[in-house]
Structures are given as C-alpha cells and as structure tokens.
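Protein chains in written order, with the working numbering: chain A, 94 to 342; chain B, 2 to 186.
Note that beta-carbon positions come from the ideal geometry of N, C-alpha and C, so glycine has one too.
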Amino acid sequence: MTEDTRDSTVSARYRELGAEEPPRALDDAILAASRRAVQSHPAPLVAPTGRRAWFVPLAAVAVLVLAVAVTLHMQVDQPGEEGVPAPAERAQVTAPEQSRPQARPKAAEAVRQERAPVHTARTDAPARSAAEPEARKAPRPPEPKSFAAPTAAPAARAVAPGASAPAMAPAAPAPAVAAAKSAADSSSADALAKRADTAVETPEKELERIALLRREGKHEDADKALAEFRKRYPDFRIPAPMLERVERR
Amino acid sequence: MEAGDEQLMLAYREGDAGAFEELYRRHKGGLYRFVLRSVRDRPLAEELYQEIWMRVIEARARYEAQAKFSTWLYTIAHNRLVDHWRRRGLSLVALDQDREESAALDPPAGPGYEPQRIHEAKQGLGRFASALAELPPAQREAFLLHAEADMSPAEIARATDSNAEAAKSRLRYAMAKLKKALTDD
Numbered sequence: 094m095t096e097d098t099r100d101s102t103v104s105a106r107y108r109e110l111g112a113e114e115p116p117r118a119l120d121d122a123i124l125a126a127s128r129r130a131v132q133s134h135p136a137p138l139v140a141p142t143g144r145r146a147w148f149v150p151l152a153a154v155a156v157l158v159l160a161v162a163v164t165l166h167m168q169v170d171q172p173g174e175e176g177v178p179a180p181a182e183r184a185q186v187t188a189p190e191q192s193r194p195q196a197r198p199k200a201a202e203a204v205r206q207e208r209a210p211v212h213t214a215r216t217d218a219p220a221r222s223a224a225e226p227e228a229r230k231a232p233r234p235p236e237p238k239s240f241a242a243p244t245a246a247p248a249a250r251a252v253a254p255g256a257s258a259p260a261m262a263p264a265a266p267a268p269a270v271a272a273a274k275s276a277a278d279s280s281s282a283d284a285l286a287k288r289a290d291t292a293v294e295t296p297e298k299e300l301e302r303i304a305l306l307r308r309e310g311k312h313e314d315a316d317k318a319l320a321e322f323r324k325r326y327p328d329f330r331i332p333a334p335m336l337e338r339v340e341r342r
Numbered sequence: 002m003e004a005g006d007e008q009l010m011l012a013y014r015e016g017d018a019g020a021f022e023e024l025y026r027r028h029k030g031g032l033y034r035f036v037l038r039s040v041r042d043r044p045l046a047e048e049l050y051q052e053i054w055m056r057v058i059e060a061r062a063r064y065e066a067q068a069k070f071s072t073w074l075y076t077i078a079h080n081r082l083v084d085h086w087r088r089r090g091l092s093l094v095a096l097d098q099d100r101e102e103s104a105a106l107d108p109p110a111g112p113g114y115e116p117q118r119i120h121e122a123k124q125g126l127g128r129f130a131s132a133l134a135e136l137p138p139a140q141r142e143a144f145l146l147h148a149e150a151d152m153s154p155a156e157i158a159r160a161t162d163s164n165a166e167a168a169k170s171r172l173r174y175a176m177a178k179l180k181k182a183l184t185d186d
C-alpha cells in the first residue's frame with residue numbers, strides 16, 4: 094500500500110477516538126440467534142461435510158425411492174389400467190366393449206407414443222394383479238395399441254387374447270373422450286411446467302417478479318417481496334437498473 | 002494454532018455454534034465501530050449492526066470460503082448501509098460527493114453519538130472526529146474499512162462493489178483530509 098493510503102499518525106489518532114463495543118444485550122441477542130439458527134435447521138442448503146456426511150447418500154436414496162414410488166403410483170392410477178380382469182370376467186366385459194367405438198384422435202396418438210417407453214417399463218414390473226400370469230401367457234396385443242385407449246383399456250386388454258383385429262380397430266372416433274383426455278394432459282403438463290419453474294426460481298427471476306408487482310402498482314406486495322428477497326440473498330448485489338425497477342420511488 | 006475466520010464460518014455452517022461465538026468475538030468491535038461511525042447515530046447503528054449479523058446467520062448455508070471472511074462480512078455491512086442510505090434518498094453518486102452537497106441526506110450526528118460530543122470537548126481529537134464526520138460517505142467508508150478491518154484498496158473495492166482505482170482514490174482523499182485536520186491542530 095502506498096504512503097498516501099497508509100498514514101500512521103492518522104491511524105494512531107483514529108485509535109484515540111475510542112474502541113467502542115456493542116452493548117452486552119446486543120451481543121447476547123445475536124449469539125442467542127446464532128445458536129437458535131443451528132439448533133433449528135443445521136446447514137439447510139448445502140451439501141454437509143464431516144460428521145453429517147451420511148446425510149447426502151441417505152437423502153439421495155430417499156429421493157430416488159420417492160421418485161420411483163411416485164412414478165409407479167401414477168402408472169397404476171392411470172384410468173383404464175386398474176388391473177386386468179380375471180378370465181371369468183372377460184366374457185362379461187368383452188361383449189359390450191366389442192360394440193363400443195375404440196377410435197382415438199391423432200392428439201391422443203401422440204401422447205400415447207410419448208408415453209410408450211414408460212408404459213413398457215411398467216409392464217415389466219413384478220407387482221401385478223392375480224390375472225397377470227394368465228395375461229402374460231396369452232399373446233398380447235402390441236403395447237401402444239392397448240395404451241392408445243386408456244378409457245377403454247380394461248376392455249381392450251380383456252379382449253386382447255381372443256379378440257380379432259377388427260375388435261381393436263377403430264369403428265368410429267370418440268372425439269369427446271379424446272378431447273377431454275388431451276385437455277387434461279396438456280393442463281397437467283402446464284401445471285407441472287409452472288411448478289418446476291417456480292421451484293428453480295433464481296434471484297434474477299424473483300427480481301423480475303418484484304418489478305412486475307411494482308409495475309402493476311402493487312407496492313405493498315413488492316415491498317414485502319423485496320424485503321424477503323434481501324433476507325434470502327443478503328449478499329446479492331442488485332444491479333442499478335433492476336434496483337430502480339424494484340424499489341419504491 | 003488458532004483457526005482462521007473462514008474455518009470458523011465453515012464450522013458454524015456445519016452447526017458449530019461455538020465457532021460463531023469466536024468469530025463474533027473477533028469482529029464485533031470493528032464492525033460495530035464501522036457502522037456507528039458510518040451512520041453516527043447510536044440507536045440506528047445498533048439496529049443496523051444487529052441486522053448485519055442476522056444476515057450472516059441467515060446466509061451461513063451459502064457461505065463458501067472463496068474470499069476472506071472479513072471481506073464477506075463487510076460486503077454484507079456495506080450492502081445494508083447502502084440500503085439505509087438509499088432509503089434516505091442518497092444515491093450512489095451522492096455518496097462520493099462532498100459534505101456540503103450531501104449534507105441534507107447525510108444528516109449530522111444523532112443524539113446517541115456520544116464519542117463525537119465527548120471528543121469535541123478535547124480540541125485536537127474533536128477536530129479529527131469532525132473531519133471524519135465531514136468526509137463524504139464513500140470516503141469515510143473506505144477509511145473505516147481500512148482502519149477497522151485493515152483492508153487494502155483492492156479488498157475495499159471488493160467489499161464495496163467498486164473498482165480498485167476508485168477505492169484507492171477514496172482512501173487517498175480521506176487520508177489527505179484527515180491528515181490536514183491533524184496538521185491544523
């Protein structure tokens with residue numbers, strides 16, 4: 094450091110101003126807060142090391158198990174996938190189903206193709222209904238076809254072993270059902286996309302959101318959001334142009 | 002051997018409350034004086050000082066030992082002070098202006114700022130304290146970071162989000178003005 098930025102007489106005189114310390118009560122309050130913080134949530138956002146290192150593999154396994162369980166659960170809950178009817182039931186189910194229209198519009202076809210690999214994986218899963226062994230013995234219709242008609246799937250599957258091709262072929266389209274399914278698919282996809290978007294919100298995105306609130310005149314909400322943002326990212330430097338947009342003027 | 006600040010902060014991040022106590026003990030005086038002499042109002046300084054430490058506590062999970070702990074700590078302090086000044090309508094440009102220009106926004110010392118009143122009674126030291134108070138906020142901040150946290154111009158630049166040349170220039174001006182106050186004694 095150069096002479097003009099370091100001067101011992103100035104430093105010495107500055108020291109003479111006194112070495113003020115914070116009041117004891119303030120020390121106690123801050124230290125108490127620091128202890129409370131580690132007792133309530135120890136190192137919440139980062140990969141811990143040392144004696145908490147076992148958290149990482151445990152958390153990874155838990156997440157994996159949860160993901161697999163949720164995927165399986167969703168597959169099992171698909172309408173039309175509720176188990177394959179027992180052979181005794183097949184006869185009852187087959188007759189009405191044969192006369193029901195089986196056709197699906199192109200949109201449903203696209204969804205089906207997208208899901209086909211997942212469906213194949215699921216059919217390999219061991220846990221199935223009691224009818225499964227029999228169903229496996231019998232020649233199956235091509236998988237995409239059985240998935241193509243989710244609402245009629247039990248029937249289609251039940252019919253499959255003995256049914257002729259015309260039974261599976263579309264006799265007439267069922268646009269209402271297909272449209273409803275398509276709409277449901279797209280809306281749930283939107284919801285998932287939105288959720289994912291929110292989950293990975295970056296400080297910049299958050300600031301954009303606050304700026305939007307400010308622009309819309311929701312100053313109270315914007316102030317709250319800004320305060321919350323500063324709490325969450327105390328060392329984040331808000332660029333000046335953005336600051337002008339997010340701060341109340 | 003004594004653990005470094007960065008090690009202590011990492012230990013606190015891992016849940017060691019004792020590490021924070023040691024860290025706090027090391028930095029409480031310097032940070033307190035930095036804040037107090039920046040805002041020159043004791044109740045306000047205490048409020049800001051507490052908020053700065055709360056931010057340190059809240060941000061512990063994101064702490065990475067990439068820079069010196071003191072630089073990180075004083076960056077948080079600087080950001081908090083900038084927030085405070087902005088709330089009073091003082092822009093970043095004004096922080097560099099001379100006292101006459103920013104007087105309305107950087108008001109005289111509050112009633113709780115005892116050292117200045119005490120030292121004003123003593124001739125030489127009082128003049129020095131006044132000279133320090135008269136510095137534009139950015140120059141005063143640069144000087145306080147140098148005096149309390151022993152920061153170099155490069156570290157000051159990092160903590161205040163400016164460039165090294167600007168930090169060096171601020172510190173040099175502050176030093177020159179304070180030195181002049183001493184020679185005027």
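Cβ-based burial, residue i [other Cβ within 10 Å; buried from 16]
i	result
residue 107/A	buried
residue 142/B	buried
residue 162/B	exposed
residue 139/B	buried
residue 6/B	buried
residue 300/A	buried
residue 55/B	buried
residue 171/B	buried
residue 44/B	exposed
residue 294/A	exposed
residue 72/B	buried
residue 4/B	exposed
residue 31/B	buried
residue 342/A	exposed
residue 131/A	buried
residue 158/A	exposed
residue 273/A	Legend: pLDDT at residue 273/A = 48, less than 50; position of this residue unreliable, value from coordinates given subsequently. So residue 273/A ends up on the exposed side.
residue 174/B	buried
residue 156/B	buried
residue 149/A	exposed
residue 298/A	exposed
residue 57/B	buried
residue 151/A	exposed
residue 152/B	buried
residue 88/B	exposed
residue 321/A	exposed
residue 226/A	Confidence in residue 226/A is poor, its pLDDT being 43 and thus under 50, which makes the residue's placement unreliable; the coordinate value appears in the next sentence. Looking at its Cβ environment, which holds fewer than 16 other Cβ atoms inside 10 Å, residue 226/A is exposed.
residue 156/A	exposed
Within chain A, partners of residue i - CB distance below 7 Å
i	result
residue 160/B	In chain order: nothing, as chain A lies at least about 11 Å away.
residue 49/B	The premise fails here: residue 49/B is roughly 11 Å from chain A at the closest Cβ pair, so nothing lies under 7 Å.
residue 90/B	Result: empty, since nearest Cβ-Cβ is about 10 Å, beyond 7 Å.
Neighbouring residues, chain B, relative to residue i (Cβ below 7 Å)
i	result
residue 324/A	59
residue 100/A	176 and 180
residue 124/A	22 and 25
residue 128/A	18
Within chain A, the residues that residue i reaches when beta carbons sit closer than 9 Å
i	result
residue 148/B	103, 104, 107 and 108
residue 33/B	113, 114, 115 and 119
residue 56/B	323, 324, 327 and 328
residue 73/B	328
residue 30/B	112, 113, 114 and 115
Within chain B, the residues that residue i reaches when beta carbons sit closer than 8 Å
i	result
residue 149/A	None at all; the shortest Cβ gap to chain B is about 13 Å.
residue 342/A	Near residue 342/A there are no residues of chain B at all, since even the closest Cβ is about 10 Å away, more than 8 Å.
Chain-ordered chain D contacts of residue i [CB-CB under 7 Å]
i	result
residue 70/B	The structure shown contains no chain D; its protein chains are A and B.
Cross-chain neighbours of residue i in chain A, by beta carbon under 8 Å
i	result
residue 130/B	110
residue 80/B	327, 328 and 330
Contact test: residue i Cβ vs the ligand GDP heavy atom, cutoff 7 Å
i	result
residue 151/B	With respect to the ligand GDP, the structure offers nothing, as it holds no ligand at all.
Exercise. Give a yes or no on contact between the segment 80-90 of chain B and the segment 316-333 of chain A, applying the rule of three or more CB pairs nearer than 8 Å.
Key: With contact defined as three or more Cβ pairs closer than 8 Å, the segment 80-90 of chain B and the segment 316-333 of chain A are in contact.
Self-check item: the segment 303-316 of chain A contacting the segment 23-41 of chain B, beta-carbon criterion three pairs below 8 Å
Solution: A contact is defined here as three or more CB-CB pairs under 8 Å, and the segment 303-316 of chain A fails this definition with respect to the segment 23-41 of chain B.
Quiz item: Does the segment 124-133 of chain A touch the segment 17-27 of chain B, meaning 3 or more C-beta pairs lie closer than 8 Å?
Solution: Flag = yes, the segment 17-27 of chain B and the segment 124-133 of chain A touch.
Quiz item: For the segment 7-20 of chain B against the segment 111-119 of chain A, are there 3 or more C-beta pairs whose distance is under 8 Å?
Solution: Between the segment 7-20 of chain B and the segment 111-119 of chain A there are fewer than three inter-stretch CB-CB distances shorter than 8 Å, so the stretches are not counted as touching.
Exercise. Could you tell me whether the segment 58-66 of chain B touches the segment 143-156 of chain B, using the rule of 3 or more Cβ pairs below 8 Å?
Key: Contact between the segment 58-66 of chain B and the segment 143-156 of chain B is absent, because fewer than three Cβ pairs lie under 8 Å.
Exercise. Would you list, in sequence order, the uninterrupted alpha helix (DSSP H) runs of no fewer than 4 residues that lie entirely inside the segment 35-96 of chain B?
Key: DSSP runs (the alpha helix (DSSP H)) wholly in the segment 35-96 of chain B: 43-59, 70-88 and 93-96.
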